[in-house]
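Participant:
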Amino acid sequence: PPCQGKRWSVFVMVDCGYGRDGLDPASDASVDFVRRLAASPTAAFAGLYTHGGHSYDQTGSSVADVGALVQRTAEQEAAAVRGFAERLRKAGVDVP
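For what it's worth, my numbering labels the leading residue of the sequence shown as 1478, then goes sequentially.
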């Protein structure tokens, strides 16, 4: 545990499509995990983050095509994190 009177600040990673790491934003178990984390006496839920690693694999016939694909991937990732944050708020979790 952290020093007496202190809490660990914990950021939760959200899996936004690559399936490699992070919590599944569509899973009820993920909501329950964050709810339990937020209620912990030794940890403070500090927020959500993601890593858009699957955007690295985008290919196209031009730089503009690749750019558009990366932009679309980023929008999908952002929507997944926003959607998970909304699910958490509906479950009573304060999302910083």
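Don't be surprised by glycine CBs; every beta carbon is placed ideally from N, CA and C.
When the distance is taken between beta carbons, is Ala1545 closer than 8 angstroms to Val1491?
Facilitator: No. Outside cutoff.
Participant: Which term fits Pro1502, buried or exposed, when burial requires 16 or more other beta carbons within 10 angstroms of its beta carbon?
Facilitator: Buried is the call here.
Participant: Do you know how far the Cα of Ala1562 is from the Cα of Gly1499?
Facilitator: Cα to Cα, the separation comes out at about 14 angstroms.
Participant: What's the C-alpha gap between Gly1529 and Arg1497?
Facilitator: Whole-angstrom Cα-Cα distance: 11 angstroms.
Participant: Is the Cβ-Cβ distance between Val1570 and Phe1522 less than 8 angstroms?
Facilitator: Result yes, Cβ atoms of Val1570 and Phe1522 sit closer than 8 angstroms.
Participant: Apply the 10 Å Cβ neighbour rule to Ser1517 and answer buried if 16 or more other Cβ atoms are within range, or exposed otherwise.
Facilitator: Result: exposed.
Participant: Find the nearest neighbour of Thr1536 within the set Tyr1526, Leu1525, Gln1548 and Thr1527, judged by alpha-carbon distance.
Facilitator: Taking only the C-alpha atoms, the option nearest Thr1536 is Gln1548.
Participant: How big is the Cα-Cα spacing for Pro1573 and Tyr1526?
Facilitator: Answer to the nearest angstrom: the Cα atoms are 11 angstroms apart.
Participant: Rounded C-beta distance between Ala1568 and Arg1513? I'm assuming under 8 angstroms.
Facilitator: About 11 angstroms; that fails the 8 angstroms criterion.
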